Structures are given as C-alpha cells and as structure tokens.
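K.L.:
Below you'll find the structure I mean.
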C-alpha cells in the first residue's frame, strides 16, 4: 500500500471499527494487514476505505469494513476453525477471515468474480483459503462440516442445506431481511447448531445489500 492508503487503512480502523466496539486485536490486525484497495477496481482504490459499501458489478457489493467487522465480531472464531463463506465477491472478506482461522472455503457463483478473487488472493500470498464455484444457496458440501458459515449479505431465509453443513456447536452468521420492507433492511442473526437443533438470536439492525442466489419465497420465522 502507498503511504496515503496506509493512513486511510489506519483511519478506517480507528474511525470506523473501534467506535463500533471492534476491539479484538486479532480482528483489528487482520484488517490492518489486508490492503482493501486490491479488492476493488483501480479507479475505485481511493474510495476503498470509504464508510459505505462499494458496488463491484451488477448487484454485487463489497461491504463496508465496519459491517464486515461487526458480523465477524458476532461470534468467537478459533484459529483452528474451518469456515465457509457464501458469496466471496472479490475475496476481501475471504482474506480477512483467513487471518482468523485455519481454512476458508469461499463459494462464488459469478465466474468472473471468482477468477478475480483467486488471483488477488494469490497476489497477497494467501495459502489457507480457496474460492470455488457453485450456487450460493447450496454452499459447498464437499468440505463440510464447517465451524462457522458467513453470508455477507441479506437473505430471505437460510436453507436447511446450509445448516446441514454446520458442525455440531457451529454457528451461521448472516442478515435476515425484514418482510414487507426495503430489501436491504434486516437483522444480523447468529444461528447456532446443537446436534440437530438450530437456535437463533438477533444481534443488531442493519442495512446490507441482498445476497444474489437467495431468492426464496417461503415464509420464514425465527
């Protein structure tokens, strides 16, 4: 990173993350060491540390660092955890998660984004994450079970097929969009699996772009 971008990164941590209660030194160090500007187009690099979400293409977004950090901070991640990430986009969240656990398996259904993300991860010498193809809603059964599953976007509901990929005592973190409301408004929710029983708890209200591939019409209550 150039000096100016390094300063932007530091200001992001001090001005966006810490005021929201993100004080875990391991999480802060992860954001410090991953150059966010590499995960956006060059013409957007000067805006990469902006407080808002960044449109990557069509309806795909790179969430703000503050939102990513808040969702990560909802659960305790161990350095031996295996994590499934749904909708890796350009790979920034994949790179952050990799600093916190032993392995990240990302699923990205857009081939162009998938290739771009894997190239960028290789550029920063990532060695414990991989982004594979497949439908977001199906996850990746091949590497299951997972200790944590993250969906960095809002969804109408979480399909049972994803809960099936959680390990016992595992957690799934996402945003459930509010019914009859703007599609980006919802509740950050942590789902926990205890044997075959799934419990859930709302953590905070938030506006997050809808995650492509989760258009499910059935009602969902939690």
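Residue numbers (the numbering used here): 627 to 848. Note that beta-carbon positions come from the ideal geometry of N, C-alpha and C, so glycine has one too. Source: prediction; values computed, not measured.
#1: Between the segment 665-678 and the segment 729-739, do at least 3 Cβ pairs fall closer than 8 Å?
#2: When DSSP labels each residue in this structure, what does residue 716 get in the three-state scheme?
#3: Per DSSP, which one or two residues make a beta bridge with residue 812?
#4: Give me the residue from 656, 837, 789, 697 with the minimum Cα distance to residue 815.
#5: Measure how close the beta-carbons of residue 796 and residue 819 come, nearest whole angstrom, since I'm counting them as under 8 Å.
#6: Where residue 804 and residue 640 are concerned, what is the direct C-alpha to C-alpha distance, given to the nearest angstrom?
#7: If you draw a straight line from the C-alpha of residue 840 to the C-alpha of residue 785, how long is it?
#8: How many angstroms separate the CA atom of residue 642 from the CA atom of residue 745?
#9: Is there contact between the segment 689-703 and the segment 721-729, where contact requires at least three CB pairs shorter than 8 Å?
#10: Looking only at its chain, what residues have a beta carbon closer than 8 Å to the beta carbon of residue 716, apart from the 5 residues adjacent to it on each side?
#11: Out of curiosity, what's the CA-to-CA distance linking residue 799 and residue 632?
#12: Jot down the residue ranges of each uninterrupted beta strand (DSSP E) in the segment 730-758, minimum 3 residues, whole runs only, in chain order.
#13: So the candidates are 690, 709, 634, 659; which of them puts its Cα closest to the Cα of residue 672?
P.N.:
To lay it out plainly:
#1: no
#2: DSSP places residue 716 in coil when its eight states are reduced to three.
#3: 803, 832
#4: Measuring C-alpha to C-alpha distances from residue 815 to each of 656, 837, 789, 697 identifies 697 as the nearest.
#5: 5 Å
#6: If you draw a straight line from the Cα of residue 804 to the Cα of residue 640, it is about 31 Å long.
#7: 9 Å
#8: 28 Å
#9: yes
#10: 665, 666, 682, 688, 739, 742, 743, 746
#11: Straight-line Cα distance between these residues: approximately 30 Å.
#12: 755-758
#13: 634
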